[in-house]
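Contents: one structure, followed by commentary.
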Ligand code: NDP
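In this note's numbering, the protein residues as written are 27 to 322.
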């Protein structure tokens with residue numbers, strides 16, 4: 027099996043380089059790659075790459091993920107999150123490849139407090155969410171075999187992440203204020219990559235398993251609960267570490283105005299994914315604990 031991976035150096039892309047390796051011959055590109063175009067702002071180049079390589083599977087982990095900046099760069103966000111995934115889907119259809127793509131809980135409006143199912147009505151609150159939704163729609167309309175995995179609150183050991191920021195602040199201040207009215211599940215890029223590899227194998231054997239799925243770690247928390255878990259776990263793993271923080275105060279989202287509005291309810295119902303692929307999704311704490319053990 028030949029696999030083309032785009033966005034190889036992002037959080038999920040990096041982990042996919044590991045998890046897709048055993049499935050077959052992997053051609054991994056980023057926007058700076060030479061020889062073959064992996065730049066999602068260059069749809070002509072992308073199409074040429076797919077037609078030349080004729081992969082069995084295309085995995086697109088590249089995206090415009092700067093949620094606030096997207097509000098002032100809607101055209102670029104649209105090109106990368108919607109138009110180019112649409113071009114990839116057409117090219118996938120032309121060569122008979124399976125297209126694997128990632129999307130987000132930000133396609134929802136965040137109302138209510140029950141987990142969103144795949145068929146729930148969408149209602150993005152931001153340019154990022156809108157462009158990710160348009161990407162999904164273009165892929166679904168292309169006729170290409172596809173897997174669209176919507177996920178949430180992604181973190182990875184590599185690069186910056188929310189946990190690292192909280193640990194830095196906890197070392198500097200006695201009191202932190204962290205939002206406690208957005209609910210979701212922190213999901214490790216490693217889990218997303220591993221589940222992707224399992225799902226690809228199954229869809230290649232049984233094309234009827236394709237389509238859209240929600241993929242997130244089990245359980246739920248708030249950013250405030252996530253911050254407290256990170257600090258408590260760091261204290262347990264590394265008692266000698268000097269953390270000044272005494273209080274992680276809960277505040278509403280309105281305390282931190284941002285250009286892009288975030289959904290309050292980011293809970294994703296993962297039943298369809300677990301049942302279709304026979305997979306177990308571990309609770310969010312086990313992945314965060316593991317990430318902290320790696321970085322501390
Ligand atoms: P990252 O921001 O870590 O990675 C995105 C990658 O896309 C980066 O390597 C970036 O490269 C690359 N990229 C940006 N523009 C281009 C371009 N024009 N051409 C080629 N590559 C480009 O994101 P994640 O790994 O976290 O996200 C993976 C997927 O999951 C995305 O589809 C995202 O929308 C989705 N998702 C992410 C969530 C999160 O919390 N992060 C939550 C829910 C869904 P560079 O570094 O050079 O800019």
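Positions of the beta carbon are idealized from the N, C-alpha and C atoms, including for glycine.
Residues that residue i bridges to, as DSSP identifies them
{"i": "residue 16", "result": "With the chain covering 27 to 322 only, the question about residue 16 has no answer from this structure."}
{"i": "residue 273", "result": "201"}
{"i": "residue 257", "result": "According to DSSP, residue 257 bridges with nothing at all."}
{"i": "residue 209", "result": "248, 291"}
{"i": "residue 54", "result": "31"}
{"i": "residue 181", "result": "214"}
{"i": "residue 175", "result": "128, 239"}
{"i": "residue 84", "result": "30, 125"}
{"i": "residue 309", "result": "244"}
Test item: CB-CB of residue i and residue j under 8 Å
{"i": "residue 36", "j": "residue 78", "result": "no"}
{"i": "residue 223", "j": "residue 45", "result": "yes"}
{"i": "residue 28", "j": "residue 82", "result": "yes"}
{"i": "residue 135", "j": "residue 149", "result": "yes"}
{"i": "residue 173", "j": "residue 133", "result": "no"}
{"i": "residue 42", "j": "residue 64", "result": "no"}
{"i": "residue 244", "j": "residue 307", "result": "yes"}
{"i": "residue 317", "j": "residue 257", "result": "no"}
{"i": "residue 103", "j": "residue 157", "result": "yes"}
{"i": "residue 254", "j": "residue 277", "result": "no"}
{"i": "residue 116", "j": "residue 152", "result": "no"}
{"i": "residue 259", "j": "residue 201", "result": "no"}
{"i": "residue 161", "j": "residue 111", "result": "yes"}
{"i": "residue 140", "j": "residue 207", "result": "no"}
{"i": "residue 34", "j": "residue 62", "result": "no"}
{"i": "residue 242", "j": "residue 137", "result": "no"}
Residue i versus the options, residue with shortest Cα-Cα distance
{"i": "residue 16", "options": "217, 141, 318, 205", "result": "In the structure as shown, the chain starts at 27 and stops at 322, and residue 16 therefore has no counterpart that could be examined."}
{"i": "residue 90", "options": "109, 84, 249", "result": "109"}
{"i": "residue 296", "options": "211, 275, 69", "result": "211"}
{"i": "residue 22", "options": "321, 41, 48, 32", "result": "Residue 22 lies beyond the range of the chain shown here (27 to 322); nothing can be said about it."}
{"i": "residue 213", "options": "311, 84, 153", "result": "311"}
{"i": "residue 190", "options": "75, 252, 309, 76", "result": "252"}
{"i": "residue 221", "options": "125, 304, 54, 99", "result": "304"}
{"i": "residue 234", "options": "124, 84, 71, 76", "result": "124"}
{"i": "residue 70", "options": "38, 53, 49, 105", "result": "105"}
{"i": "residue 120", "options": "168, 147, 56, 50", "result": "168"}
{"i": "residue 50", "options": "30, 182, 67", "result": "30"}
{"i": "residue 166", "options": "118, 286, 203, 100", "result": "118"}
{"i": "residue 188", "options": "67, 250, 129", "result": "250"}
{"i": "residue 164", "options": "184, 194, 186, 129", "result": "129"}
{"i": "residue 56", "options": "67, 269, 194", "result": "67"}
{"i": "residue 285", "options": "60, 145, 47, 100", "result": "100"}
Cβ-Cβ separation, residue j to residue i (assumed contact under 8 Å), whole Å
{"i": "residue 176", "j": "residue 122", "result": "No, residue 176 and residue 122 are not in contact; Cβ-Cβ is about 25 Å, not under 8 Å."}
{"i": "residue 80", "j": "residue 113", "result": "Actually they do not touch by this definition, with Cβ atoms about 16 Å apart."}
{"i": "residue 293", "j": "residue 246", "result": "6 Å"}
{"i": "residue 236", "j": "residue 171", "result": "5 Å"}
{"i": "residue 215", "j": "residue 180", "result": "6 Å"}
{"i": "residue 288", "j": "residue 279", "result": "7 Å"}
{"i": "residue 291", "j": "residue 209", "result": "6 Å"}
{"i": "residue 155", "j": "residue 217", "result": "Not really, about 22 Å apart at Cβ, beyond 8 Å."}
{"i": "residue 226", "j": "residue 126", "result": "6 Å"}
{"i": "residue 298", "j": "residue 240", "result": "7 Å"}
{"i": "residue 203", "j": "residue 281", "result": "7 Å"}
Check: residue i C-beta below 7 Å from any heavy atom of the ligand MG
{"i": "residue 56", "result": "In the structure shown, the ligand MG is absent; the only ligands present are the ligand NDP."}
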